[in-house]
Amino acid sequence: MCTALKELPIMAQVDSPRLEIPDSLKTVDWDAEFEKDGVTADEMFAKANTSLTYNDFNIFPGFIDFPVSAVDLTTKLTKEITLRAPLISSPMDTVTEHEMAITMALHGGIGIIHANFPTPADQAAEVLKVKRYKQGFINFPQCIKPDDTVLDLMAIKSLYGFTGTPVTDTGKVGGKLLGLVTSRDVDFIKEKLYKSTRIGEVMVPRERLITGSETLELSDAYNILEGEKKGKLPIVNSNDELVALIARTDLKKSRDFPNSSYDKKGQLMVGAAINTRESSHATVTLLVEAGVDVLVVDSSNGASQYQVDLLQWLKSTYPQVQVIAGNVVTMRQAKLLIDAGADALRIGMGSGSICITQEVMAVGRAQGSAVFQVARYARSRGVPVIADGGIRDVGYITKALGLGASTVMMGGLLAGTTEAPGEYFWGPNGLRLKKYRGMGSIDAMEAHSTSQDRYFTSDDAIKVAQGVTATMRDRGTCHKFLPYLIRGMQHGFQDIGIKSLNEFHSKVYDGTVKFELRSQNAQLEGGVHSLHSYEKPAY
Ligand SMILES: NC(=O)C1=CN([C@@H]2O[C@H](COP(=O)(O)OP(=O)(O)OC[C@H]3O[C@@H](n4cnc5c(N)ncnc54)[C@H](O)[C@@H]3O)[C@@H](O)[C@H]2O)C=CC1
Ligand SMILES: O=c1[nH]c(=O)c2[nH+]cn([C@@H]3O[C@H](COP(=O)(O)O)[C@@H](O)[C@H]3O)c2[nH]1
Ligand SMILES: [K+]
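First residue of the sequence shown: 930, per the working numbering; consecutive thereafter.
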């Protein structure tokens, strides 16, 4: 190898004259040219003369003189509510129940509990679960009865992965605490005896259990668990009924949420969706009693007399509750709802991943145009807006915010996560999947009597679906996914050269932040291309 190289002839260096500068370039006013490099958001939408969406443009990079950690994502959800992260989970029955809402709030966003429950009381119960959540306290631990068998315990373990399960007389939270069973108690049992061994025979019985009272502070709970070298501490009320469980592993994690969305009482914030029917008045009362912070009037076309009437009733009956109205995609619709008292607007019609509204109703608007136009007008009235639907990845969030949104709402992006309602199942090719469905899909409409009432009134028994039923791949836990989205946004902001959402919006409106439309080929180029195969782990 070395000898062969030595035998190569030595190349002579090429003569290198200076790069020639053509005369025509010598007299250009470059400052004026810099101004013309890219367009303002206003110009982009005017020039395109067609509706645009996130994928149709790029944002130009700016100047970086700060670290990514300096980017502050604090934003307004409504006139009165501030969030540390601009992220909202959609009120869909395959996206947001209490578990998603808790996780969203812990990470600085908020979840909106859907309205597709058997009864309004069930929806209010979900709100209460978020409100009662205490960091480190597992309020709804899986429990077991003393008469159940080790086989039952193993089934719980394989579904939820718990290692310590409280034993109560009812097999549920709220029952009398009778003991605790951990893997240590069952490890030695042979598999063939699982079915015949009762939990009561192997559990640590109540008299040997260390428990905490309802009033216990987390720090005390931690000290007890550390001191006693225990992993789980059951919490009981004065009747010795189980109210919660504390896990040492959770306590270690509990310091990881410095940006959580808390209300004035220090409880996590949560929203709930309502519809525009008469019955929603009674639902609102239940939701307010449960402590809901914000209501979302859930409709594909917010510009209706039903919604205007409801908004006026809400603002006069419960002035302390913030109301997000929608959905809208035009400035005129926005004006109607702002005039009726909306504290924020939700923007999007037909842009969602499961939406077929534009196809079936022939009505809607591309999401980029909808967000930009409505946000401009709403901003002039001091009303923040939510970009709802069509968010495919973190870059889309940054673009939505760049078009004037203060927050984004996601359905599909969160639907395959651990915290989304529903069980995983195995699909073809061995993929782990969860169901995701539009709230206007036949499937969702038929699910409960509340939605039956909404759609299949006697004078309107013909169904017209506005959404589809789908599956999503397992995306893992939101405890990993949301920090990825947040850090991804911070990187985007840093690249644009802005440190906060307020700065972003002022620099978009004054034309400092530049945009550019991209051709179809540019869109292809901007994605992954020309590879034999590739993998895409995002975080
Ligand atoms: N963002 C989007 O692009 C879309 C979202 N969706 C979702 O699907 C679900 C259903 O949406 P919509 O069908 O728009 O619900 P909706 O409740 O606004 O409308 C359903 C039907 O009931 C009528 N209606 C509403 N209130 C009434 C009242 N008080 N009295 C008599 N009639 C009344 C409406 O005019 C409409 O015909 C929602 O969760 C919505 O978010 C559906 C389609 C598009
Ligand atoms: O046309 C529709 N038919 C439906 O059945 C439907 N369900 C939900 N939505 C809307 O879609 C949003 C979620 O969209 P993504 O999955 O793209 O995040 C949601 O936040 C809703 O605005 C629907 N739109
Ligand atoms: K769509």
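Yeah, the Cβ is synthetic: ideal placement off N, Cα and C, and Gly gets one too.
Computed from a predicted structure; not experimentally measured.
{"Item": "Length of the line joining the Cα atoms of S1387 and E1130", "Value": "At S1387 the pLDDT is 48, less than 50, meaning the model places this residue with poor confidence; the figure from the coordinates comes in the next sentence. The alpha-carbon atoms of S1387 and E1130 are separated by roughly 57 Å."}
{"Item": "Minimum C-alpha distance to A1014 - residue among Y1468, A1034, E1445, E1026", "Value": "A1034"}
{"Item": "Residue nearest to A1295 in terms of C-alpha spacing, selected from P1313, R1308, D1317, A1307", "Value": "D1317"}
{"Item": "Spatially closest choice to G1440 from I1425, A1451, T1406, by CA coordinates", "Value": "I1425"}
{"Item": "For V1110 and T1094, believed in contact at Cβ under 8 Å, the rounded distance", "Value": "5 Å"}
{"Item": "Pick from P1020, D952, G1367, Q1249 that is closest to D1272, judged by C-alpha positions", "Value": "Q1249"}
{"Item": "Residues of its chain near H1458, where Cβ-Cβ distance is below 7 Å and the 5 sequence neighbours each way are ignored", "Value": "none"}
{"Item": "Own chain partners of F1410 with C-beta closer than 7 Å, once the 5 adjacent residues on each side are dropped", "Value": "T1346, R1404"}
{"Item": "Spatial distance of Y1247 from G1220 (CA atoms)", "Value": "12 Å"}
{"Item": "Simplified DSSP assignment, three categories, for E1432", "Value": "helix"}
{"Item": "For L1365: DSSP bridge partner residues", "Value": "According to the sequence as given, residue 1365 is Tyr; it is not Leu. According to DSSP, Y1365 bridges with A1399."}
{"Item": "Assigned secondary structure, I1320 (DSSP; H/G/I helix, E/B strand, else coil)", "Value": "coil"}
{"Item": "Three-state secondary structure assigned by DSSP to R1061", "Value": "helix"}
{"Item": "Chain-order list of residues whose beta-carbon lies under 6 Å from that of R947 (same chain, five-residue window excluded)", "Value": "none"}
{"Item": "L1138 versus K1159, P1075, E1375, residue with shortest Cα-Cα distance", "Value": "K1159"}
{"Item": "Close beta carbons around H1420, own chain, < 7 Å, minus the five adjacent residues each side", "Value": "V997"}
{"Item": "Within 8 Å, strictly: CB atoms of L981 and S1298", "Value": "yes"}
{"Item": "Simplified DSSP state of I1425, which is helix, strand or coil", "Value": "helix"}
{"Item": "Residue of G1417, T1406, R1308, A1329 minimising C-alpha distance to I1031", "Value": "T1406"}
{"Item": "Three-way DSSP call (helix, strand, coil) for N1188 in this model", "Value": "coil"}
{"Item": "Sheet register partners of S1018 (DSSP bridge)", "Value": "G1040, M1339"}
{"Item": "Residue from Q942, F1066, S1282, F1433 whose Cα sits closest to the Cα of A1173", "Value": "F1066"}
{"Item": "Extent of the continuous alpha helix (DSSP H) to which F1444 belongs", "Value": "From DSSP, F1444 is part of no alpha helix (DSSP H) but of the beta strand (DSSP E) over 1444 to 1446."}
{"Item": "Own chain partners of Q1236 with C-beta closer than 8 Å, once the 5 adjacent residues on each side are dropped", "Value": "T1205, V1226, S1228, A1254, L1266, A1269"}
{"Item": "Per DSSP, the bridge partner or partners of A1202", "Value": "V1225"}
{"Item": "Stretch pair the region 1430 to 1446 + the region 1326 to 1333: three plus CB contacts closer than 8 Å", "Value": "yes"}
{"Item": "Length of the line joining the Cα atoms of E1153 and L1147", "Value": "Here the sequence assigns Ile to residue 1153, which means Glu is not the residue at that position. Rounded to the nearest angstrom, the two C-alpha atoms are 10 Å apart."}
{"Item": "DSSP state of C1072 mapped onto helix, strand, coil", "Value": "coil"}
{"Item": "Rounded separation between K1119 and A1053 - CA only", "Value": "44 Å"}
{"Item": "Contact shell at 5 Å, judged by CB to any heavy atom of ligand 1, ordered along the chain", "Value": "N1204, T1205, R1206, D1227, S1228, S1229, Y1235, N1256, G1277, M1278, G1279, C1284, T1286, M1368, G1369, Q1395"}
{"Item": "beta-carbon G1333 near ligand 3 non-hydrogen atom, thresh 7 Å", "Value": "no"}
{"Item": "P1313 beta carbon less than 8 Å from that of K1005", "Value": "yes"}
{"Item": "Three or more C-beta pairs below 8 Å linking the region 1392 to 1402 and the region 1300 to 1314", "Value": "no"}
{"Item": "Rounded separation between M1029 and T1140 - CA only", "Value": "28 Å"}
{"Item": "Distance between G1351 and P1049 (C-alpha atoms, nearest Å)", "Value": "20 Å"}
{"Item": "Spatial distance of A1469 from T1023 (CA atoms)", "Value": "Not covered by the structure: residue 1469. The range shown for the chain is 930 to 1468."}
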